[in-house]
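Here's the structure, in structure tokens; my notes come after.
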Amino acid sequence: MSEENGYFEPQAHQVEPGEMRAFGVPICSRHARANELCEMLRFVQDVATQGAAAHLKQVLFDSDSGVCHIDVDESAPLYGRVEHQVQKAARKHLSRFTLCGDNELGETLASTMVSQPTPDDWQDPVESLEGASQPSTTDDEPQAACHHPSA
Numbered sequence: 000m001s002e003e004n005g006y007f008e009p010q011a012h013q014v015e016p017g018e019m020r021a022f023g024v025p026i027c028s029r030h031a032r033a034n035e036l037c038e039m040l041r042f043v044q045d046v047a048t049q050g051a052a053a054h055l056k057q058v059l060f061d062s063d064s065g066v067c068h069i070d071v072d073e074s075a076p077l078y079g080r081v082e083h084q085v086q087k088a089a090r091k092h093l094s095r096f097t098l099c100g101d102n103e104l105g106e107t108l109a110s111t112m113v114s115q116p117t118p119d120d121w122q123d124p125v126e127s128l129e130g131a132s133q134p135s136t137t138d139d140e141p142q143a144a145c146h147h148p149s150a
């Protein structure tokens, strides 16, 4: 397939519409990317098959960061078996995702990761930090309605 049409440019929209409702759950790909919508549709279908779609408020794929954000409905928080089912479906179908404040890699992406360097390959920490920029942090990330038992 030719790339002349620009569909594979970073900001190009591949699918119209880039947002829809599937199994009662709004899903959205920031840049209407086909692969992101496919991942979200498979995820939401799996969750709906297990009867847990009512626990999802929305599923948003941030095309720029490559992370899918799963927002949980505060009126139907995740807990126990339901939380496990949603997390299992996310790991199975989504490449990278956030759920209940946790950032995770899906099975597909995790299996393709290259191994980490051994200590013999490590660089001097001072050399590694020179010229490195610090990641920005934001306090306005959405909080999920997940049950986390008190420690």
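Residue 9 in numbering that gives the first Met the number 0 is what sits at position 10 of the sequence shown, and the numbering runs on without skipping anything.
Backbone N, C-alpha and C fix where the C-beta goes; we use that ideal spot for every residue, glycine too.
Proximity winner among the options, relative to residue i (alpha-carbon distances)
| i | options | result |
| --- | --- | --- |
| A53 | F60, D61 and V43 | V43 |
| V14 | N34, L108, N102 and A89 | N34 |
| P25 | S62, V71, S64 and G50 | V71 |
| L55 | M39, G105 and Y6 | M39 |
C-alpha gap between residue i and residue j, whole angstroms
| i | j | result |
| --- | --- | --- |
| S94 | Q10 | 19 Å |
| L98 | N4 | 35 Å |
| M19 | R32 | 13 Å |
| L36 | D101 | 21 Å |
| L108 | Q57 | 22 Å |
| V85 | P16 | 25 Å |
| I69 | L59 | 7 Å |
| Q49 | S74 | 19 Å |
| A88 | H12 | 26 Å |
| F7 | C27 | 18 Å |
| D61 | E103 | 14 Å |
| G65 | Y78 | 26 Å |
Supposed close pair residue i, residue j - CB separation, criterion 8 Å
| i | j | result |
| --- | --- | --- |
| C67 | F96 | 4 Å |
| D63 | R29 | 7 Å |
| H83 | R41 | Not quite, the Cβ-Cβ distance comes to about 18 Å (not below 8 Å), so this is no contact. |
| S81 | A47 | The sequence given here has Val at residue 81, not Ser. Between A47 and V81 the Cβ distance is about 13 Å, and since that is not below 8 Å, they are no contact. |
Checklist entry - What alpha helix (DSSP H) runs, 4 residues minimum, are completely inside the stretch 14-53? => result 33-48
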